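Report on the structure given below.
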Ligand code: F6R
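Residue numbers (the working numbering): -4 to 359.
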């Protein structure tokens, strides 16, 4: 049942305010002042490092979470693609927690990576959408993301629910390790509670994004740029676009632009710049200027403050509501998803069942 939507993907994008609200409530303590983990939970004071492993979109959720665990909990984090991790046979020193993120809980490479860590890591945790899955069953602690069934092959609500649970886990780690003040923790928890309403505001940009997508649909190549937390989001935006619209898309950390990809800039290829008005904004805008100076076409995704400063020169601007910079990945996933969705619809591709792809990759 597509609930009145044309595609499951559209329905699942629209469900995000509700399912994220449910995930936040599930992991909030009764008094709302802290994060509660299921079962015996986890003692992050006894941990020296976190190794996160996943594939595809789930891998980008891990890349995002690396910023959170490092900045909020001061915990060293390694992130790897499951197919690379397992064949490299990395050493797993004592004090390591291994964390696996998987919507299906059945991805062959992720499961094999988990089994590689058995008996080596201090603890094996998973962040999954299917609690009965192999990855959940073989973990010491499985954290459900509560996204509900995801039917569209391109992951949307599972991604933002993974991000929500990973951020709350990072907040738990920060609280236990004493690396966050109670005031900052309270601020972030209340921002998480307010997230469904910010997501609804983001969804109101649907028609504006559909108009921008019509122009994107003519492109053969698209470049996505972002810095900090927006770098993994650029990777995710490019993956979504490739998967369902079949337009070649690449993502770079904005700072890498001048180390090669700037050679691609011309008057034809759209460049999607993800840049909320945060502490890195000026740096990203200066990279955007480098694109503009070469005649490049910039589609800027930012907030009101960012648009006031930088929208003037952009080819297209998509405006998001303001949220605490820590939460921007969960919010900016929405325009990235909608942009890919409407581009695919404009091109007439099979949005829910893109060619060559399967929802669950149970073979290598
Ligand atoms: C992209 C997508 C895939 C999956 C990847 C991992 O939209 O859906 O990249 O994220 O195949 O799948 P899970 O999360 O089931 O392990």
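The beta carbon of each residue, even a glycine, is placed where N, CA and C say it ideally should be. Being a predicted model, the structure only gives us computed values, none of them experimental.
By DSSP's assignment, residue 91 forms a beta bridge with 44.
Measuring C-alpha to C-alpha distances from residue 305 to each of 276, 326, 325 and 329 identifies 276 as the nearest. Between residue 152 and residue 251, the C-beta spacing is not below 7 angstroms.
Residue environment: residue 352 is assigned as exposed (fewer than 16 neighbouring CB atoms within 10 Å of its CB, all protein chains considered). Taking 3 residues as the shortest admissible run, the segment 254 to 331 contains the following complete beta strand (DSSP E) segments, listed from N- to C-terminal end: 265 to 269, 292 to 298 and 311 to 315. Residue burial is scored here from C-beta neighbours: residue 175 has at least 16 other C-beta atoms within 10 angstroms and is therefore classed as buried.
Along the length of the segment 181 to 265, whole beta strand (DSSP E) runs at least 3 residues long occupy 216 to 221 and 243 to 248, reported in chain order.
Membership of residue 121 in the beta strand (DSSP E) is indicated by the continuous run 118 to 123. Judged by DSSP in its simplified three-state form, residue 359 adopts coil rather than helix or strand. Residue pairing by DSSP places residue 139 opposite 123 in a beta bridge.
Here the distance from the Cβ of residue 332 to the nearest heavy atom of ligand 1 is not below 6 angstroms.
If you draw a 10 Å sphere on the C-beta of residue 337, you find 16 or more other C-beta atoms in it, and that means buried. Sequence-distant Cβ neighbours of residue 216 in its own chain, meaning closer than 6 angstroms and more than five residues away, are 243 and 264. According to DSSP, residue 97 shares a beta bridge with 123. At least one heavy atom of ligand 1 is found less than 6 angstroms from the C-beta of residue 98.
By the criterion of a C-beta distance shorter than 6 angstroms, residue 262 is surrounded in its chain by 290, once the five residues flanking it on both sides are discounted.
The continuous beta strand (DSSP E) containing residue 75 extends over residues 72 to 76. Residue 221 counts as buried, since no fewer than 16 other beta carbons sit within 10 angstroms of its beta carbon.
Here residue 49 carries a strand assignment [DSSP, helix/strand/coil]. Contact annotation, residue 44 with residue 73: C-beta distance approximately 7 angstroms; criterion of less than 8 angstroms satisfied. With a threshold of 6 angstroms, the Cβ atom of residue 50 counts as near ligand 1, since some heavy atom of the ligand is closer than that.
Closest option to residue 69, judged by alpha-carbon separation, among 96, 169 and 31: 169.
The beta-carbon distance between residue 167 and residue 39, rounded to whole angstroms, is 7 angstroms. This is short enough to meet the 8 angstroms contact definition. About 7 angstroms separates the beta carbons of residue 228 and residue 328, which is inside the 8 angstroms limit, making them a contact pair.
Excluding residues up to 5 positions away in sequence, 56, 59, 60, 324, 325 and 328 lie with their Cβ nearer than 8 angstroms to the Cβ of residue 158 in the same chain. Residue environment analysis places residue 124 among the buried positions, since at least 16 neighbouring C-beta atoms fall within 10 angstroms of its C-beta. The three-state reading of DSSP puts residue 30 in strand, counting E and B together.
Rounded to whole angstroms, the separation of the alpha carbons of residue 346 and residue 147 is 8 angstroms.
Shown here, residue 23 sits in a strand according to DSSP, grouped into three states. Taken through DSSP and simplified to helix, strand or coil, residue 144 comes out as coil. For residue 11, the secondary structure class from DSSP, reduced to helix, strand or coil, is helix.
Judged by DSSP in its simplified three-state form, residue 350 adopts coil rather than helix or strand. A Cβ-Cβ contact shorter than 7 angstroms links residue 106 with residue 130. For residue 102, the shortest separation between its Cβ and any heavy atom of ligand 1 lies below 6 angstroms. In this structure, residue 150 has its CB closer than 6 angstroms to one or more heavy atoms of ligand 1. Taking a 10 Å sphere around the C-beta of residue 28, we find fewer than 16 other C-beta atoms and assign the residue as exposed.
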